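Just below is one structure, and these are the notes that go with it.
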C-alpha cells in the first residue's frame, strides 16, 4: 500500500533545493530540479554514506564521500566507485504540496 508523505509546500521548495524525509524503512532525498520533483534513497550504494549533501551537477548527485555519481531522475549509477543503482520513489505535486509515495505493509 502506498502512503503519501508531505515533503513541503510547493512555494517553500524552490528549484535547486533538496529535502530529506525519513520513513519507516528509508531515508529519502527529494530534489527540485527546475520545477520537477524527484526522490531517491539517500544512501550511496558504494558505502552507505548520505547523498543529500553532495554536489548537484545537472541532473546528477555526486556522493560527498568518494565521488560516486547517480542520476537524480532515475537513480542510475553514472560513475564509480558505486555500481548499484539507487532506489527511487514516486513524487507528486498536489493541492499546493510536494509528496513522496512510500510503501507500507497493509494492516
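Numbering (the working numbering), first residue to last: 341 to 447. Cβ atoms here follow ideal geometry from the backbone N, Cα and C, with glycine treated the same way. Values in this document were obtained by computation on a predicted structure and should not be read as measured data.
Give the C-beta separation of residue i and residue j to the nearest angstrom, bearing in mind that I take them to be a contact with Cβ-Cβ under 8 Å.
i: residue 363; j: residue 442; result: 4 Å
i: residue 426; j: residue 415; result: 4 Å
i: residue 417; j: residue 379; result: In fact, because the Cβ distance is near 17 Å, the residues do not count as touching under 8 Å.
Less than 8 Å between the C-beta atoms of residue i and residue j, yes or no?
i: residue 386; j: residue 403; result: yes
i: residue 384; j: residue 408; result: yes
i: residue 360; j: residue 345; result: no
i: residue 348; j: residue 437; result: yes
i: residue 411; j: residue 393; result: no
i: residue 341; j: residue 444; result: yes
Using 10 angstroms around the beta-carbon of residue i, count the other beta-carbons present and answer buried if the total reaches 16, otherwise exposed.
i: residue 435; result: exposed
i: residue 439; result: buried
i: residue 381; result: buried
i: residue 343; result: exposed
i: residue 375; result: exposed
i: residue 377; result: buried
i: residue 356; result: exposed
Indicate the three-state DSSP secondary structure (helix, strand or coil) for residue i in the structure shown.
i: residue 443; result: strand
i: residue 412; result: coil
i: residue 351; result: helix
i: residue 385; result: coil
i: residue 358; result: strand
i: residue 426; result: coil
i: residue 392; result: coil
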